Amino acid sequence: MSIFDLTVTDSNGKTYPMSEYKGKTMLIVNTATKCGLSDQFESLENLYTTYKDQGLVVLGFPSDQFAQELANAKEAEQACRMSYGVTFPMHDIIKVNGKEAHPLFKYLTEHSKGFLGSSIKWNFTKFLVDSEGHVTGRYSPKDKPESFESDIQNMLAK
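Here is the structure:
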C-alpha cells in the first residue's frame, strides 16, 4: 500500500485521492486553530507560496483530538484563511491517534517514528513526503516550519 492509494476529504466535503499529489513534495500537518502553536500557519503559508511552483504542496488537516479546534471544517478553514492568510489546501476535521485515526495519519505514523513512538504528540506535527510517496521527515509540534526548510529545498532539488 502507498500513500497514493488513500483518499482524503477537503473542507468542502469533497473526497479525492492522494494520487493527485503524485510527483509533488508534500508537507502534511495536523492543525488546530485554537492551539498556542497556530502562529505556525504563517510559516507554513510562507513555505507553500515560496515553493509551490517548484512542486511543494502543504496539506492542512484540522484535528480536535486535543480539544483545540473549531466546531467544523468550514469554520476552521475560514479561521485559517482570515487570520493567517492560508491558501494551501485544508481538509475535514479528523482524528490523528487511536482506533478512529484517519487512514492517512495511520500511514504517516506507521512510516515514521516520533517522540511518543508512532502516536502524534500534539497539534502541528509535520510530515514531509517525497514525490514518490515516501515519508522522509517527521517534525515535532515545536519545530518551526522554517527550521527544516533546507530539507524541503533538498527534496525539491531531486
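For the sequence shown, our numbering gives the first residue as 1, with consecutive numbering after it. Virtual Cβ for every residue (Gly too), placed ideally from N, Cα, C. The structure displayed is predicted, hence computed values, not measured ones.
Residue i versus residue j: straight-line alpha-carbon distance, rounded
i, j, result
"D39", "S2", "32 Å"
"E146", "L47", "8 Å"
"I28", "F124", "9 Å"
"S131", "Y21", "8 Å"
"Y84", "S43", "9 Å"
"Y139", "E100", "22 Å"
"L116", "W122", "Note on L116: pLDDT 49, under 50, position unreliable in the model; the coordinate value appears next. Those two C-alpha atoms are separated by around 10 Å."
"T33", "K144", "16 Å"
"G23", "G55", "8 Å"
"K106", "K14", "21 Å"
"Y51", "E149", "10 Å"
C-beta contact flag for residue i and residue j at 9 Å
i, j, result
"H91", "F61", "yes"
"V129", "T25", "yes"
"F88", "L59", "yes"
"T31", "S11", "no"
"L104", "I94", "yes"
"T231", "M18", "Because the chain spans 1 through 158 in this model, residue 231 falls outside it and cannot be assessed."
"F41", "V96", "no"
For residue i, the first and last residue of its enclosing beta strand (DSSP E)
i, result
"L128", "126-129"
"F61", "56-62"
"P17", "15-17"
"Y139", "135-139"
"T9", "7-9"
Integer Cβ distance of residue i from residue j, believed to fall under 8 Å
i, j, result
"G133", "D151", "Contact flag wrong, Cβ pair sits at about 17 Å."
Residue-level contact to chain C via CB, residue i, 9 Å cutoff
i, result
"H91", "The chain labelled as chain C is not found in the depicted structure, where only one protein chain is given."
Run of the alpha helix (DSSP H) containing residue i, from where it starts to where it stops
i, result
"I28", "No alpha helix (DSSP H) contains I28, which is instead part of the beta strand (DSSP E) from 25-31."
"T109", "103-110"
"I152", "149-157"
"S43", "40-51"
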